[in-house]
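Novice: Going line by line, the protein sequences match chains D and R.
Take the first sequence: its letters are residues 3 to 202, numbered as in the working numbering.
Take the second sequence: its letters are residues 3 to 202, numbered as in the working numbering.
Ideal Cβ positions, reconstructed from N, Cα and C, are used throughout, including at glycine.
2 protein chains.
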Amino acid sequence: MTFDLIEKDSADAYKILASLVTPRPIAWVTTLDAQGVVNAAPFSFFNVFGSKPPLVAFAPGDREAGVPKDTARNIRQNGEFVIHLVDASVAAAMNSTAASLPYGESELDQLGLNLAAGESVSVPWIREAPAALECRQHSTIEIGSNRVVLGIVQRVHVREGVLDPKTKRIDVSAYQPIGRMASPSWYCQTDSLFEMQRPK
Amino acid sequence: MTFDLIEKDSADAYKILASLVTPRPIAWVTTLDAQGVVNAAPFSFFNVFGSKPPLVAFAPGDREAGVPKDTARNIRQNGEFVIHLVDASVAAAMNSTAASLPYGESELDQLGLNLAAGESVSVPWIREAPAALECRQHSTIEIGSNRVVLGIVQRVHVREGVLDPKTKRIDVSAYQPIGRMASPSWYCQTDSLFEMQRPK
Numbered sequence: 003m004t005f006d007l008i009e010k011d012s013a014d015a016y017k018i019l020a021s022l023v024t025p026r027p028i029a030w031v032t033t034l035d036a037q038g039v040v041n042a043a044p045f046s047f048f049n050v051f052g053s054k055p056p057l058v059a060f061a062p063g064d065r066e067a068g069v070p071k072d073t074a075r076n077i078r079q080n081g082e083f084v085i086h087l088v089d090a091s092v093a094a095a096m097n098s099t100a101a102s103l104p105y106g107e108s109e110l111d112q113l114g115l116n117l118a119a120g121e122s123v124s125v126p127w128i129r130e131a132p133a134a135l136e137c138r139q140h141s142t143i144e145i146g147s148n149r150v151v152l153g154i155v156q157r158v159h160v161r162e163g164v165l166d167p168k169t170k171r172i173d174v175s176a177y178q179p180i181g182r183m184a185s186p187s188w189y190c191q192t193d194s195l196f197e198m199q200r201p202k
Numbered sequence: 003m004t005f006d007l008i009e010k011d012s013a014d015a016y017k018i019l020a021s022l023v024t025p026r027p028i029a030w031v032t033t034l035d036a037q038g039v040v041n042a043a044p045f046s047f048f049n050v051f052g053s054k055p056p057l058v059a060f061a062p063g064d065r066e067a068g069v070p071k072d073t074a075r076n077i078r079q080n081g082e083f084v085i086h087l088v089d090a091s092v093a094a095a096m097n098s099t100a101a102s103l104p105y106g107e108s109e110l111d112q113l114g115l116n117l118a119a120g121e122s123v124s125v126p127w128i129r130e131a132p133a134a135l136e137c138r139q140h141s142t143i144e145i146g147s148n149r150v151v152l153g154i155v156q157r158v159h160v161r162e163g164v165l166d167p168k169t170k171r172i173d174v175s176a177y178q179p180i181g182r183m184a185s186p187s188w189y190c191q192t193d194s195l196f197e198m199q200r201p202k
């Protein structure tokens with residue numbers, strides 16, 4: 003079965019690509035507005051893209067056509083954000099922050115989460131998340147209606163027990179982030195693991 | 003536990019980020035060299051980033067410092083590639099194409115896979131993969147030692163039964179791509195699904 007995406011309208015292209023390109027890691031992003039309100043929102047058009055320098059990218063999208071989401075607006079103003087990874091313990095909280103609130107209202111107020119002060123950025127991070135990446139914007143690329151924020155990771159906070167500080171290897175039983183699956187509402191657990199050694 | 007990635011060497015930053023930013027979708031990429039040899043290699047610094055136009059990005063990295071992998075070299079020459087998603091049926095074949103062969107030798111020769119002619123690009127695609135995205139390079143960004151290829155998806159091939167051609171929704175029981183997990187060798191299955199409805 004073949005689909006010509008250039009001919010299709012973008013709603014179809016979105017459904018097809020957001021369903022096929024899976025599982026996607028989830029960036030639960032905090033930003034800070036000029037009044038000091040902390041915004042939180044999840045995005046799964048997201049990944050790491052290199053380590054020299056430590057490079058991540060995510061696409062915050064628009065609230066509606068031409069109106070950037072608060073996340074994009076805040077990053078444009080101050081260039082800082084924190085990306086949290088999401089496991090089962092914060093999955094419901096993450097999902098509840100996907101609601102669009104009026105600009106200046108915090109998604110975090112009702113959730114009983116604990117914020118910690120950022121060390122490399124002024125944006126606070128969510129203590130309950132298993133991992134938090136403090137980032138500075140490198141640049142933002144606009145391609146058609148798409149907006150991709152490129153960030154350099156300054157500092158990483160990891161829940162106790164997840165990472166061996168000597169080897170920098172992860173304990174895969176202690177860290178099971180959820181993944182984003184097919185549009186509109188599917189997610190996966192990552193408790194079913196297997197290993198494949200890279201060939202020489 | 004906190005790590006300052008700017009102070010760390012990039013090997014540590016790689017281990018930390020490639021283990022935390024998971025599960026990652028896998029791009030099994032075919033390209034074509036000037037002699038007509040088909041190259042195949044997997045990359046998990048990859049995602050979709052928008053639908054207007056249909057935008058994907060992946061980081062092909064270097065074979066060794068300063069020497070681009072064949073994938074990057076071929077895309078630089080002709081600007082075309084096909085990204086395949088990977089499920090259990092092609093996982094071993096995908097992994098075997100991670101081996102570095104001399105330039106001009108095909109990773110696909112020994113694998114008994116069937117190639118089909120590209121329709122929007124001259125690069126062939128692998129029939130056994132559950133989904134194949136024919137892409138043209140939009141641009142390639144270099145940030146430090148990192149290289150990010152941005153591509154526009156022209157055409158999508160999907161295995162029969164995966165996508166409802168009317169609704170463009172996926173049958174989540176018919177499509178279970180594997181995901182890349184913690185460095186160096188962990189993968190996940192995506193058979194353990196759950197739904198969360200986006201709040202209004």
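Looking at the structure shown, is D/V203 part of a helix, part of a strand, or coil, going by DSSP?
Specialist: Absent from the model: residue 203 of chain D. The displayed extent of chain D is 3 to 202, so no value can be given.
Novice: Could you tell me which residues DSSP puts in a beta bridge with D/R182?
Specialist: Answer is D/R26, D/Y189.
Novice: In chain D, what lies closer than 9 Å to R/R171 by C-beta?
Specialist: Near R/R171 (Cβ distances below 9 Å), the residues of chain D are K17, S21, A184, S185, P186.
Novice: To the nearest angstrom, report how far apart D/E162 and D/P56 are at their CA atoms.
Specialist: Each residue's alpha carbon lies about 22 Å from the other.
Novice: Contact criterion: CB-CB distance below 7 Å. Does D/Y105 meet it with respect to chain R?
Specialist: It does not; no Cβ of chain R falls within 7 Å.
Novice: Express the C-alpha separation of D/V58 and R/N41 in angstroms, rounding to a whole number.
Specialist: Cα-Cα distance, rounded: 27 Å.
Novice: Please decide whether D/F83 counts as near chain R, where near means a Cβ-Cβ distance under 7 Å.
Specialist: No, its Cβ sits nowhere closer than 7 Å to a Cβ of chain R.
Novice: For the alpha helix (DSSP H) containing R/T73, name the first residue and the last one.
Specialist: Per DSSP, R/T73 belongs to the alpha helix (DSSP H) from 72-80.
Novice: With distances taken between CB atoms, is the gap from D/A95 to D/L113 smaller than 7 Å?
Specialist: Taking 7 Å as the Cβ cut-off, D/A95 and D/L113 qualify as a contacting pair.
Novice: Mind pulling the chain D residues with CB within less than 8 Å of R/T32?
Specialist: Result: empty, since nearest Cβ-Cβ is about 16 Å, beyond 8 Å.
Novice: Rounding to the nearest angstrom, what Cα-Cα distance links D/L195 and D/P186 in this structure?
Specialist: About 25 Å.
Novice: With DSSP as the reference, label R/N116 as helix, strand or coil.
Specialist: Three-state DSSP puts R/N116 in coil, outside helix and strand.
Novice: Tell me R/P44's beta-bridge partners as DSSP assigns them.
Specialist: For R/P44, which the question treats as bridged, DSSP gives the partners R/W30.
Novice: Leaving aside the five residues before and after D/V50 along the sequence, list all residues of the same chain whose C-beta is less than 6 Å from its C-beta, in chain order.
Specialist: Excluding positions up to five away in sequence, the list reads V58.
Novice: Quick one: Cα of D/K170 to Cα of R/R75, how far?
Specialist: If you take the alpha carbons of D/K170 and R/R75, they lie about 31 Å apart.
Novice: For the alpha helix (DSSP H) that contains D/V92, what are its first and last residues?
Specialist: Element bounds for D/V92: 90-98.
Novice: Nearest-angstrom Cα distance between D/Q37 and D/G106?
Specialist: Looking at the two C-alpha atoms, the distance is approximately 8 Å.
Novice: For the beta strand (DSSP E) containing D/I145, name the first residue and the last one.
Specialist: Note, D/I145: beta strand (DSSP E), 133-145.
Novice: In chain D, which residues lie with their C-beta within 9 Å of the C-beta of R/N116?
Specialist: Those do not exist, as R/N116 stays about 16 Å from chain D at its closest Cβ, beyond 9 Å.
Novice: Which term fits R/N148, buried or exposed, when burial requires 16 or more other beta carbons within 10 angstroms of its beta carbon?
Specialist: The residue is buried, with at least 16 neighbouring Cβ atoms inside 10 Å.
Novice: Using CA coordinates, which residue listed in D/G120, D/L87, D/S175, D/V164 is at the minimum distance from D/Q156?
Specialist: Ranking the options by Cα distance to D/Q156, first place goes to D/G120.
Novice: Rounded C-beta distance between R/I180 and R/V88? I'm assuming under 8 Å.
Specialist: Indeed, because the Cβ distance is near 6 Å, the residues count as touching under 8 Å.
Novice: Let me see if you follow: with CB-CB separation under 7 Å, is D/I145 close to chain R or not?
Specialist: Yes - at least one Cβ of chain R is within 7 Å of the one on D/I145.
Novice: Under the rule that 16 or more other beta-carbon atoms within 10 Å means buried, what is R/A13, buried or exposed?
Specialist: Classification for R/A13: exposed.
Novice: For the candidate residues R/D72, R/V69, R/L19, R/S141, whose alpha-carbon lies nearest to that of D/F48?
Specialist: Closest option to D/F48, Cα to Cα, is R/L19.
Novice: Using a Cβ-Cβ distance cut-off of 7 Å, determine whether R/Q199 contacts chain D.
Specialist: Cβ-Cβ to chain D under 7 Å: yes for R/Q199.
Novice: When you compare only the Cα positions, how much space is there between R/T32 and R/G68?
Specialist: Looking at the two C-alpha atoms, the distance is approximately 21 Å.
Novice: Could you say which of R/S141, R/S102, R/E136 lies nearest to D/I8 if we only look at CA atoms?
Specialist: Nearest of R/S141, R/S102, R/E136 to D/I8, Cα basis: R/E136.
Novice: Can you tell me which residues form a DSSP beta bridge with D/D6?
Specialist: Partner(s): R/R157.
Novice: Kindly list, in the order they appear in chain D, the residues whose Cβ is closer than 9 Å to that of R/E162.
Specialist: The contacting residues are M3.
Novice: Does the CB of D/R157 have a neighbour CB from chain R at under 7 Å?
Specialist: Yes, D/R157 counts as interfacial toward chain R.
Novice: Measuring CA to CA, which of D/P44, D/A176, D/F83, D/Q79 is closest to D/R65?
Specialist: It is D/P44 whose Cα lies nearest to the Cα of D/R65.
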